[in-house]
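Line order of the protein sequences matches chains A and B.
Oh and the first sequence: position 112 is 111 in numbering that gives the first Met the number 0, straight run, nothing missing.
Oh and the second sequence: position 99 is 98 in numbering that gives the first Met the number 0, straight run, nothing missing.
The C-beta atom is built at its ideal place from N, Cα and C for all residues, glycine as well.
Down below is the structure, laid out as structure tokens.
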Amino acid sequence: MKSECSSVSKLLDKYFDQEVTPEERSLVEGHLPDCPACRMALDSMQNLRILIKSPVEEAVEKETFPWVWEKIEKGIQRKERLGLWDFLKSWLDVTPLLKRKILIPAVAAAVILILITAPLLFKKTTSYPSLSVVEYVESETYNVMVYELETPQVTVIWLFEGPEEELSTS
Amino acid sequence: MKRKASFFVILILSLSPFLGAVAFAQVQVRVRVVEASNVGSGFDSSLRDLHDQLGSLFSFSSYRLLKDESVSLPSNQPVSLSIPPERSLELTLMKQHRVTAEIRVKITRQGRELLTTLVRLAPGRSVSIGGPKRGEGTIIVALSRP
Numbered sequence: 000m001k002s003e004c005s006s007v008s009k010l011l012d013k014y015f016d017q018e019v020t021p022e023e024r025s026l027v028e029g030h031l032p033d034c035p036a037c038r039m040a041l042d043s044m045q046n047l048r049i050l051i052k053s054p055v056e057e058a059v060e061k062e063t064f065p066w067v068w069e070k071i072e073k074g075i076q077r078k079e080r081l082g083l084w085d086f087l088k089s090w091l092d093v094t095p096l097l098k099r100k101i102l103i104p105a106v107a108a109a110v111i112l113i114l115i116t117a118p119l120l121f122k123k124t125t126s127y128p129s130l131s132v133v134e135y136v137e138s139e140t141y142n143v144m145v146y147e148l149e150t151p152q153v154t155v156i157w158l159f160e161g162p163e164e165e166l167s168t169s
Numbered sequence: 000m001k002r003k004a005s006f007f008v009i010l011i012l013s014l015s016p017f018l019g020a021v022a023f024a025q026v027q028v029r030v031r032v033v034e035a036s037n038v039g040s041g042f043d044s045s046l047r048d049l050h051d052q053l054g055s056l057f058s059f060s061s062y063r064l065l066k067d068e069s070v071s072l073p074s075n076q077p078v079s080l081s082i083p084p085e086r087s088l089e090l091t092l093m094k095q096h097r098v099t100a101e102i103r104v105k106i107t108r109q110g111r112e113l114l115t116t117l118v119r120l121a122p123g124r125s126v127s128i129g130g131p132k133r134g135e136g137t138i139i140v141a142l143s144r145p
């Protein structure tokens with residue numbers, strides 16, 4: 000009897016949680032009417048469950064978790080109010096896949112830009128004078144001739160005086 | 000914070016060529032007035048470059064330096080100096096493209112405009128304006144940038 004009680008008492012937890020096999024169930028239920036100690040143990044398990052479960056269920060039913068929603072709403076609003084810098088930062092902080100997607104066209108665009116602008120930026124300044132040093136010449140007094148040689152670099156504006164000018168200067 | 004600082008550094012660096020173009024410095028121009036003639040021979044050592052340049056076009060045997068002056072041209076502000084014979088030379092910096100300066104040159108006599116020209120001068124390049132007679136010689140005004 001004692002050995003049966005000890006083996007049944009080991010099954011009581013499983014029985015209480017309804018995890019026993021049909022054979023174990025019949026064994027426990029056959030033993031319980033004859034064993035007040037096992038019955039008492041089962042009753043105390045039942046009481047303990049009631050003691051723990053009911054206040055927790057009651058609290059969960061009453062709780063609406065408003066602070067959780069407040070937190071979520073604040074998070075959403077913060078995302079909507081992104082500043083320029085945050086926007087740029089979020090734009091730059093892309094996933095590695097997207098980074099690659101952006102990186103390749105960006106590098107290609109930069110290379111094209113460099114190829115286009117490099118001749119303008121690094122153009123030798125001598126190329127500007129090579130066009131023409133003298134942009135225009137106006138004179139009502141003189142006949143003007145412009146000499147421009149590239150090698151050697153010579154630019155001469157020569158004024159041919161008329162008879163009136165010659166008289167006035169002499 | 001670091002990223003923000005680097006963003007502004009890049010912004011300033013990318014704008015610096017434009018800022019430099021807006022606030023360009025004054026341009027130094029050397030003005031030499033020379034009397035070239037075929038009376039005698041020889042030239043001042045400071046006129047060697049001019050002699051080499053003009054020698055390919057003219058056959059003057061003598062070059063005499065009458066005036067050598069360096070002027071600083073601010074943007075769009077005419078700078079005048081007198082040149083023989085009784086003429087006035089007015090230089091105005093009109094524009095500056097990188098190192099090349101666009102300079103308007105006016106030669107006047109008693110307020111009357113004799114010549115107006117616009118020349119582009121890069122450092123090391125010179126423009127000579129010559130022709131007016133002075134005695135047996137011919138006056139040449141050489142403008143150059145050091």
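When beta bridges are read from the DSSP output, Gly41/B appears opposite Ser61/B. Between Thr116/B and Val136/A, the CB-CB gap stays under 8 Å.
Here Gln45/A is exposed, its C-beta having fewer than 16 other C-beta atoms within 10 Å.
Residue-level contact check: Phe159/A touches chain B, since one or more beta carbons of chain B fall below 8 Å from its beta carbon. Between Thr116/A and Leu113/B, the C-beta spacing is not below 8 Å. Bounds of the beta strand (DSSP E) holding Leu158/A are Val153 to Phe159. In this structure, Ala121/B and Val104/B do not form a Cβ contact; the two beta carbons are roughly 16 Å apart against a cut-off of 8 Å.
The beta carbon of Leu64/B sits closer than 7 Å to those of Arg31, Val33, Asp43, Ser45 and Leu46, all from its chain and outside the five residues before and after it, given in chain order. The three-state reading of DSSP puts Leu56/B in coil, since its state is none of H, G, I, E or B.
Beta-bridge annotation (DSSP): Val133/A is paired with Val118/B.
Rounded to the nearest whole angstrom, the C-alpha separation of Tyr14/A and Ala40/A is 12 Å.
Beyond the five residues adjoining it in sequence on each side, Leu10/A comes within less than 8 Å, by CB distance, of Val19, Glu23, Leu26 and Val27 in the same chain, given in chain order. Non-local C-beta neighbours of Gly130/B in its own chain, meaning closer than 7 Å and more than five positions away in sequence, comprise Thr137, ordered along the chain. Using beta-carbon distances, Ser138/A counts as an interface residue toward chain B, with a partner under 8 Å. Under a criterion of Cβ atoms nearer than 8 Å, the residues of chain B adjacent to Glu134/A are, in order, Glu101, Thr116, Leu117, Val118 and Arg119. Think of a sphere of 9 Å around the beta carbon of Leu113/B: the chain A residues whose beta carbon falls inside it are Ser138, Glu139, Thr140, Tyr141, Leu158 and Glu164, in chain order. Here Val153/A is buried. Its C-beta has 16 or more other C-beta atoms within 10 Å. Pro131/B sits in a strand when the DSSP states are folded into three classes. Interface annotation, Val106/A: not in contact with chain B, CB-CB separation never under 8 Å. Interface annotation for the segment 56-80 of chain B against chain A: Leu56 and Phe57, criterion Cβ-Cβ distance under 9 Å.
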